[in-house]
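Visitor: Numbering (my numbering), first residue to last: 112 to 296. All C-beta atoms in this analysis are idealised placements derived from N, C-alpha and C, irrespective of residue type, glycine included. Owing to the predicted nature of the structure, the values given are computational and were not obtained by experimental measurement. Questions regarding the structure given below will be posed in turn.
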């Protein structure tokens, strides 16, 4: 399973060893307001880890934990998965961060590495991302990647804005340029 190495993070496929950090993240109602609308219980977090491990085994991609290199803390998580959990749907990226990690560029850093990995390894025609309309911070990360707004739709039982970037557009995008700069060191 791939471990991704952005400059300030280590993206590790989520598994049981991440339970405590993931539960700390997912039990925060402010973090979860645009994801599920409620904080996770201990069982919710374990169920997520179990689903994620099964998806890694089935597809070879799913959710990573964002481990901050400077202190080894899990400060977020993000994914490459099928939109709306439908294997026939396009690949989607998404993320969530602890509040104390907001506004520091971690989401953009992790997102460009997940998307870069997806285009390089999985070779999809496009990668999309969705967020609820009031979630301006996530929409900003999508735009920084070079994703384009394509409209509103209903995914995950919520009204969401959808952003896409195609394989043809990725090489000229700001996300690709930043990803290449990260890889060059």
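Determine the burial state of residue 192: buried for a count of at least 16 other Cβ atoms within 10 Å of its Cβ, exposed for fewer.
Guide: Its Cβ being crowded by 16 or more others within 10 Å, residue 192 is buried.
Visitor: Quick one: give me the first and last residue of the alpha helix (DSSP H) that residue 279 is part of.
Guide: Where residue 279 is concerned, there is no enclosing alpha helix (DSSP H), given that its DSSP letter is neither H nor E.
Visitor: Determine the DSSP secondary structure at residue 207, reduced to helix, strand or coil.
Guide: Residue 207 falls in the strand class under three-state DSSP.
Visitor: Measuring straight from C-alpha to C-alpha, what distance separates residue 273 and residue 130?
Guide: Residue 273 and residue 130: Cα-Cα distance of roughly 30 Å.
Visitor: Helix, strand or coil for residue 275 per DSSP?
Guide: Three-state result, residue 275: strand.
Visitor: Using a Cβ-Cβ cutoff of less than 8 Å, which residues in the same chain neighbour residue 194 once the five nearest sequence positions on both sides are dropped?
Guide: The residues are 200, 201, 202, 203, 239, 241, 266.
Visitor: Quick test of the definition: if touching needs 3 or more C-beta pairs under 8 Å, does the stretch 250–263 touch the stretch 180–189?
Guide: Output reads no: the stretch 180–189 does not touch the stretch 250–263.
Visitor: Go to residue 219, then tell me how far its beta strand (DSSP E) extends in each direction, as first and last residue.
Guide: Here residue 219 belongs to no beta strand (DSSP E); instead the alpha helix (DSSP H) covers 217–228.
Visitor: Looking at residue 221 and residue 177, is the spacing between their C-beta atoms short of 7 Å?
Guide: In contact: residue 177 and residue 221 (Cβ atoms closer than 7 Å).
Visitor: Tell me residue 269's beta-bridge partners as DSSP assigns them.
Guide: According to DSSP, which records beta bridges pairwise, residue 269 is partnered with 266.
Visitor: Going by the CB atoms, is the gap between residue 180 and residue 119 shorter than 7 Å?
Guide: Cβ distance < 7 Å, so residue 119 and residue 180 count as in contact.
Visitor: Does residue 124 pass the burial test, meaning 16 or more other C-beta atoms within 10 Å, or should it be called exposed?
Guide: That one is buried.
Visitor: Which partner residues of residue 111 appear in the DSSP bridge assignment?
Guide: Residue numbering for the chain in the displayed model covers 112 to 296; residue 111 lies beyond these limits and cannot be assessed.
Visitor: For the beta strand (DSSP E) containing residue 135, name the first residue and the last one.
Guide: Premise fails: residue 135 lies in the alpha helix (DSSP H), 130–137, not in any beta strand (DSSP E).
Visitor: Go through its chain and collect everything with a Cβ distance to residue 133's Cβ below 6 Å, but skip five positions before and after it.
Guide: Answer for residue 133: 156, listed in chain order.
Visitor: Of all Cβ atoms in chain B, is any one closer than 7 Å to the Cβ of residue 293?
Guide: No chain B appears in the structure shown, which is made up of a single protein chain.
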